[in-house]
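Undergrad:
In our numbering, the protein residues as written are 18 to 134.
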């Protein structure tokens, strides 16, 4: 998906669980960037044969197996996205934490008691 599609999807998910706030838009935009990049990397990984292990040749001609860098990048982006999902309350633990924060009464300023008659 493209960034705009991911952005709409994330906003819709936040609205469905009641965690959407306009203040979260920068976080949502960053998550949409990450998800778009993750999708691009996955498409490239699949196009190149979806090999989890590749063979690299060193400067001296030795052949070594290594984890495919595209797979590693996809996993890193997925982990980063999960952190943003959590912050937006789109995982069970993230939702629980946000619910607690949203339910706390807002602190009154020190002057609020003096101004009430």
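Note that beta-carbon positions come from the ideal geometry of N, C-alpha and C, so glycine has one too.
For residue 61, list the residues DSSP reports as bridge partners.
TA: According to DSSP, residue 61 bridges with nothing at all.
Undergrad: Can you grab the Cα-Cα spacing for the pair residue 21 / residue 93, in whole Å?
TA: 22 Å
Undergrad: Straight-line CA distance for residue 113 to residue 37?
TA: 14 Å
Undergrad: Determine which residues share a DSSP beta bridge with residue 83 and list them.
TA: 71
Undergrad: Could you give the DSSP three-state label for residue 29: helix, strand or coil?
TA: helix
Undergrad: Exposed or buried, residue 98, counting other C-beta atoms within 10 Å across all chains shown (16 or more means buried)?
TA: buried
Undergrad: From residue 26 to residue 61, what distance separates their C-alpha atoms?
TA: 23 Å
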